[in-house]
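Sequences listed follow chains R and S, in order. Okay, so the first sequence: first residue is 9 according to my numbering, each after it adds one. Okay, so the second sequence: first residue is 16 according to my numbering, each after it adds one. Every residue, glycine too, gets a C-beta built ideally from N, C-alpha and C. Since the model is a prediction, treat every value here as computed from it, not as a measurement. Below: one structure, written as structure tokens.
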Amino acid sequence: MKPKFPSNETAIVGIGATEFSKNSGRSELQLACECIKAAVEDAGLEPSDVDGLVTFTLDNSAEIDLSRSLGIGDLSYFARTPYGGGGACATVAHAVAAIHAGLAEVVVCYRAFNERSGVRFGQPVAVRPSSDSINMNWATVYGLNTAASFAAMFARRYMHDYGATSLDFGAVAVTSRKHAATNPAAWFYQRPITLEDHQKSRWIVEPLHLLDCCQESDGGVAIVVTHKERARSMRNAPAWISAAAIGSCSEQELMTTYNRPDIAVSGEMQVVGRQLWSQSGLRPRDMDVAQLYDHFTPLVLQQLEALEFCDIGQARHFIADGALELDGALPLNTHGGQLGEAYIHGMNGIAEAVRQLRGTAVNQLADCRHALVTAGTAVPTSALILTKD
Amino acid sequence: MSLGLTWSRALTFGDVVQGSCTLAAVDAVDGAPQGPAIDICVKTEFHDLNGERVAILQEVRRFFDLAKVKPLVSRAAPMVGHDNAFWWEGVARRELRIQQCADCGQLRHPPRPMCPQCRSLHWAHIAASGRGTIHSYTVHHTSLEGLGSPYVVALIDLEEGNRLISNVIDVDHREVRIGMPVQVTFHHVGPAQMLPLFRPVAAGASLDGAAAAAEAGTSVTDVEVTATDIVVGALRAGNADPAHHDGKAAGAQGLRGICMDAVTTAALIEAQAWQAGLDMQRGAIDIRFGEPIYAGTALQLTREFGGSHRMITCRATSAAGLHAQATITEGSAP
């Protein structure tokens, strides 16, 4: 039998970020240093307290270079999560595992990049041969070669199977941008959109409009994780890690999992969802806020279904009933999400969940005890449930 | 560039024909996938000595603001390795293959080294029928090497039970539907690159490969283009541009050598209509040009009937890609 997850035995005790921009004007290593320093200070710690670092395989700032820049000194743990934005919450799962196994005490999870001014993930890129790039080649030789195009294929089938329309996808974009509009840290601060704006925006790949796709950003976010005893003695209210799950499904491919019989359902998020509810002992109705990875709006609908907030194919009705509004049953992306605040590969969603639990968010909810955070889907994914005392 | 030629009557021996050109339109094009452009339309009316109109030639040339041109989306080159070489060898033979476990017989795609059902490392393959239906699809408004813009990518559910990704061609992107029956067709999409693509089949049709092609009136003619063809063709068309007879001057224009002029290319294509038995008196041809045709090009002229036997589409392709594509309609023009 699988050992029990150490629910609420570790906590996020520090968050830090750079500003979010389209051109940071400095190196990715500097962005990483800045956000980690901010997160450590937020926790009331010194960089020398850190003994573990976790980031994405895609991140360009090496752990050892950060140690030397920040004056961290000795490190006893480092690990990286694959599959791009799908690994956001997996960084925290690694931190939990390392702390629980006694490999480290204070682990910082970070992601910092010049994704807009440097190498952009929205563009087709040359790849070196590996098992997953060879597999993706079956798509790229046919001009299906961007993240948006991979997502569009799932979206078209979803529309066909369940009668969803572009307007249903647009509702997600409007919500994220509405919440970004009142967040001074968001790139789209004071710039809400209407459904009409969404419908008029140009095609990226049909059936996806420009405003179905998240922006591209420069910036960094860091998260500090430690164990229960240490967390209790720190200055911030701990955001307890009630669940931390990673998952890929049968027939999973990097972003072209088209060989499952049913491609209108997010198989990887179903795998993660089952673990979340089992690890935490909580249910969807217990969630007070959801920071769902909104790289492409149709995939938010799929996540709501895979996580059992509604039945498969019914997310459009759930959204139409106002569930995602700040006063709804499941307020969505209260910082503006990847669509509205910034595309920091989902790490900014974790930071926002912590702020909601601390009571320091700009769009603060009245009573927020349990927060759900997800990472990117259509790729192998991950998610967290955070809880306050 | 595109040409539209509409005949008002057939030419006969002894006809003396005069043409007069007018600048018909200059249009700014904002939505072109490659970037902003200007379309210049030149209309030439041909009259005989009695003043009777013989034909109208409408020519549209597109000029891009070179500083703002978006490049074509180039296709990724196939990544051929131990596990999938058999599949690409099949493509070279115009055969759509599906990997099959040599022990338990399970079909699998995309290829992988081990059978997920019985863990065997031995595999063979079958030749797929090439028939399938569209499971999902995307429409891209960028321009793809070998297909242009817009182009369609689809998941094809093969009748053998496997699913693969491909392009759907020979159909307006607005007509593509989930569930649409499609049939494989092998196309050159770039220099030395052939791919299995799919085209819609009429509902209820149950024909396989060659039979379907014959039934649909598809024919393929191979033409080896020589330097003489190019030079004589240009002279016959009265085209003195050195790009068609002087290799060095052609090089200075950024060409790889002398290339066939547009009128000769159009004539090659239009000959397909006569051979298909279309009555081209008062017919119309609408032709779009792609890759230049150089000396030594092994040209493949493919013609097939469209919705009726009064209309054909014709493509001139080679290993270098698509050179020209035309829609030719018989005698309905005014």
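Beta-carbon gap between residue i and residue j smaller than 9 Å
{"i": "Y301 of chain R", "j": "G336 of chain R", "result": "no"}
{"i": "I393 of chain R", "j": "I249 of chain R", "result": "yes"}
{"i": "E42 of chain R", "j": "T26 of chain R", "result": "yes"}
{"i": "V88 of chain S", "j": "L18 of chain S", "result": "no"}
{"i": "R109 of chain S", "j": "G205 of chain S", "result": "no"}
{"i": "R127 of chain S", "j": "D172 of chain S", "result": "no"}
{"i": "I231 of chain R", "j": "A98 of chain R", "result": "no"}
{"i": "H140 of chain S", "j": "D118 of chain S", "result": "no"}
{"i": "L309 of chain R", "j": "P292 of chain R", "result": "no"}
{"i": "S256 of chain R", "j": "F13 of chain R", "result": "no"}
Nearest candidate by alpha-carbon position, reference residue i, set the options
{"i": "R303 of chain S", "options": "S:A277, S:I141, S:L136 and S:N65", "result": "S:A277"}
{"i": "L203 of chain R", "options": "R:N191, R:A328 and R:R124", "result": "R:A328"}
{"i": "S390 of chain R", "options": "R:G33, R:H353 and R:L373", "result": "R:H353"}
{"i": "V229 of chain R", "options": "R:V362, R:H378 and R:E214", "result": "R:V362"}
{"i": "V21 of chain R", "options": "R:K10, R:A51 and R:P269", "result": "R:A51"}
{"i": "S241 of chain R", "options": "R:A19, R:G24, R:F196 and R:V279", "result": "R:A19"}
{"i": "C116 of chain S", "options": "S:E110, S:C130 and S:V106", "result": "S:C130"}
{"i": "G272 of chain S", "options": "S:I284, S:P257, S:T279 and S:E285", "result": "S:P257"}
{"i": "Y91 of chain R", "options": "R:S141, R:K186 and R:F326", "result": "R:S141"}
{"i": "D375 of chain R", "options": "R:L334, R:E349 and R:H343", "result": "R:L334"}
{"i": "H188 of chain S", "options": "S:P93, S:V154 and S:G66", "result": "S:V154"}
{"i": "E214 of chain R", "options": "R:A155, R:N145, R:E316 and R:H102", "result": "R:A155"}
{"i": "T37 of chain S", "options": "S:K58, S:R192 and S:S135", "result": "S:K58"}
{"i": "A101 of chain R", "options": "R:A245, R:V370, R:V233 and R:S77", "result": "R:V233"}
{"i": "A272 of chain R", "options": "R:A253, R:A379 and R:Q322", "result": "R:Q322"}
Euclidean distance between Cα positions of residue i and residue j
{"i": "S56 of chain R", "j": "W102 of chain S", "result": "55 Å"}
{"i": "D237 of chain S", "j": "D244 of chain S", "result": "14 Å"}
{"i": "G305 of chain S", "j": "A339 of chain S", "result": "5 Å"}
{"i": "L219 of chain R", "j": "D261 of chain S", "result": "51 Å"}
{"i": "A281 of chain S", "j": "V69 of chain S", "result": "18 Å"}
{"i": "S157 of chain R", "j": "D397 of chain R", "result": "42 Å"}
{"i": "R178 of chain S", "j": "M275 of chain S", "result": "41 Å"}
{"i": "A383 of chain R", "j": "A331 of chain S", "result": "48 Å"}
{"i": "G29 of chain S", "j": "H62 of chain S", "result": "14 Å"}
{"i": "A310 of chain S", "j": "A265 of chain S", "result": "12 Å"}
{"i": "G145 of chain S", "j": "V167 of chain S", "result": "18 Å"}
{"i": "L212 of chain S", "j": "V135 of chain R", "result": "24 Å"}
{"i": "A228 of chain S", "j": "I343 of chain S", "result": "Here A228 of chain S scores only 47 on pLDDT, less than 50, and its place in the model should not be relied on; the value that follows carries that caveat. The alpha-carbon atoms of A228 of chain S and I343 of chain S are separated by roughly 19 Å."}
{"i": "R88 of chain R", "j": "D54 of chain S", "result": "52 Å"}
{"i": "A225 of chain S", "j": "A107 of chain S", "result": "Because A225 of chain S sits at a pLDDT of 43, beneath the cut-off of 50, its placement in the model cannot be relied upon, and the point is left open."}
{"i": "L216 of chain R", "j": "A160 of chain R", "result": "6 Å"}
{"i": "C133 of chain S", "j": "W211 of chain R", "result": "44 Å"}
{"i": "R377 of chain R", "j": "M167 of chain R", "result": "34 Å"}
{"i": "T342 of chain R", "j": "T233 of chain S", "result": "59 Å"}
{"i": "L39 of chain R", "j": "T395 of chain R", "result": "29 Å"}
{"i": "H325 of chain R", "j": "E276 of chain R", "result": "23 Å"}
{"i": "A92 of chain S", "j": "L337 of chain S", "result": "17 Å"}
{"i": "L159 of chain S", "j": "N68 of chain R", "result": "31 Å"}
{"i": "M209 of chain S", "j": "M94 of chain S", "result": "14 Å"}
{"i": "Y118 of chain R", "j": "D319 of chain R", "result": "34 Å"}
{"i": "L365 of chain R", "j": "E261 of chain R", "result": "35 Å"}
{"i": "S221 of chain S", "j": "R325 of chain S", "result": "Only weak support is given to the placement of S221 of chain S: the predicted model assigns it a pLDDT of 45, under 50, and the value that follows is read from those uncertain coordinates. The straight-line gap from Cα to Cα measures roughly 24 Å."}
{"i": "G34 of chain S", "j": "G253 of chain S", "result": "13 Å"}
Interface residues of chain S facing residue i [CB-CB closer than 8 Å]
{"i": "Y271 of chain R", "result": "Strictly speaking, residue 271 of chain R in this sequence is Ile, with Tyr absent from that position. Near I271 of chain R (Cβ distances below 8 Å), the residues of chain S are H150, S151 and L170."}
{"i": "P137 of chain R", "result": "M94 and G96"}
{"i": "H168 of chain R", "result": "S151 and I193"}
Anticipated Cβ contact below 8 Å, residue i with residue j, distance rounded
{"i": "T312 of chain S", "j": "A335 of chain S", "result": "7 Å"}
{"i": "A61 of chain R", "j": "L83 of chain R", "result": "First, the amino acid is wrong: residue 61 of chain R is Leu here, not Ala. Indeed, because the Cβ distance is near 6 Å, the residues count as touching under 8 Å."}
{"i": "G130 of chain R", "j": "V387 of chain R", "result": "14 Å between Cβ atoms; not a contact."}
{"i": "M338 of chain R", "j": "M295 of chain R", "result": "According to the sequence as given, residue 338 of chain R is Leu; it is not Met. About 6 Å separates the two Cβ atoms, so the contact holds."}
{"i": "G178 of chain R", "j": "Q223 of chain R", "result": "Between Q223 of chain R and G178 of chain R the Cβ distance is about 16 Å, and since that is not below 8 Å, they are no contact."}
{"i": "D176 of chain R", "j": "E113 of chain R", "result": "At roughly 46 Å, the Cβ-Cβ gap does not stay under 8 Å, so D176 of chain R and E113 of chain R are not in contact."}
Closer than 8 Å at the beta carbon, the chain R residues around residue i
{"i": "L210 of chain S", "result": "V149 and Y150"}
{"i": "V88 of chain S", "result": "P132, G151 and N153"}
Where residue i meets chain R, residues with beta-carbon distance less than 9 Å
{"i": "I180 of chain S", "result": "W146, A147, V149, Y150, L152, M161, T264 and Y266"}
{"i": "H15 of chain S", "result": "Because chain S here runs from 16 to 349, residue 15 of chain S falls outside it and cannot be looked at."}
{"i": "P159 of chain S", "result": "Inspection of the sequence shows that residue 159 of chain S is occupied by Leu rather than by Pro. Chain R residues near L159 of chain S: Y150 and G151."}
{"i": "H156 of chain S", "result": "R210, W211, I212, V213 and E214"}
Amino acids of chain S, ordered along the chain, whose beta-carbon sits closer than 7 Å to that of residue i
{"i": "R164 of chain R", "result": "S151, Y152 and T153"}
Chain-ordered neighbours of residue i on chain R, where CB pairs are closer than 7 Å
{"i": "Y166 of chain S", "result": "G151"}
{"i": "P125 of chain S", "result": "N143 and W146"}
{"i": "R91 of chain S", "result": "One detail in the question is off: residue 91 of chain S reads as Ala in this sequence, not Arg. Near A91 of chain S (Cβ distances below 7 Å), the residues of chain R are N145, T148, V149 and N153."}
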